[in-house]
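Reviewing the structure listed below.
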Ligand code: FE
Ligand code: FE
Ligand code: ZN
């Protein structure tokens, strides 16, 4: 089965997101756990609304959604207050996600802001030690990053280093989300040599850790370290490479989420196009 979906606004609530993804022919969706740029907490979720989404997922055989942490979190900030806020908020969100068992939760590892990669990796791992717990039902994903500024996660080695420093008893709750725009911007040749990139992923991290794909084209050339998403087929990655990615035997079974610059109708068109390209 082709598990394709897109990013959706939380406006209208949980059940509404399920209805919207069904309306555009998707099988899963991604949403922000709170306003991505503001620090303000969303209104507490209405338990009935969450239960309604869960019922809709079960009735329609949808794949449990991917929750994306807001960009304001920085687990390896210089500022202890920001680190604490990121940790507390993430923990609260993961507790809430027990209401949607089997969820994925994706976050950007963070920016070390001049403290150095090593120090950054230590901060991220120590936060993960605090927010994960034995028996939790969510898998927490580190996203592959474009390497803009001091972003950690620009290489598979950096993500592996974070996971290796997490308590061995908690590592089973960790995975990776591969963003096609980000890895291309980071300098991996996902266009010309996807096999090589995935072999490299397997060597550094282990391919079984790969749990989701952010399917985006890139507005910038490979290696640009920019992170600007383009619509499918309208960027430097292009439709041919995207087609290879959605059909790749090492990726085929994973959920794919579009984060392209689109409204719901535009996502519907991309989902329809991708379905025609899926083998
Ligand atoms: Fe992201
Ligand atoms: Fe992404
Ligand atoms: Zn991005």
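In the working numbering, the protein residues as written are 923 to 1201. Every residue, glycine too, gets a C-beta built ideally from N, C-alpha and C.
- Beta bridge pairing from DSSP links residue 950 with 927.
- With fewer than 16 other beta carbons inside 10 angstroms of its own, residue 1197 counts as exposed.
- For residue 1073, the shortest separation between its Cβ and any heavy atom of ligand 2 does not lie below 6 Å.
- Beta bridge pairing from DSSP links residue 1061 with 1026.
- Taking a cut-off of 6 Å from the heavy atoms of ligand 1, the residues with a C-beta inside it are 990, 1030, 1065.
- Of the candidates 1103, 1104, 1088, 1088 places its Cα closest to the Cα of residue 1097.
- The continuous stretches of beta strand (DSSP E) do not include residue 1035, and DSSP gives it neither H nor E.
- Each residue's CA atom was taken as its position, placing residue 1004 and residue 1012 some 12 Å apart.
- Residue 1064 and residue 1105 have their C-alpha atoms some 13 Å from each other.
- Ranking 1107, 1043, 1118, 980 by CA distance to the CA of residue 1150 puts 1107 first.
- Under the 10 Å beta carbon count, residue 1185 is surrounded by fewer than 16 other beta carbons and is classified as exposed.
- Taken atom to atom, the span from the alpha-carbon of residue 1178 to that of residue 925 is near 6 Å.
- Under the criterion of beta carbons closer than 8 Å, residue 1160 and residue 1113 qualify as touching, at roughly 7 Å.
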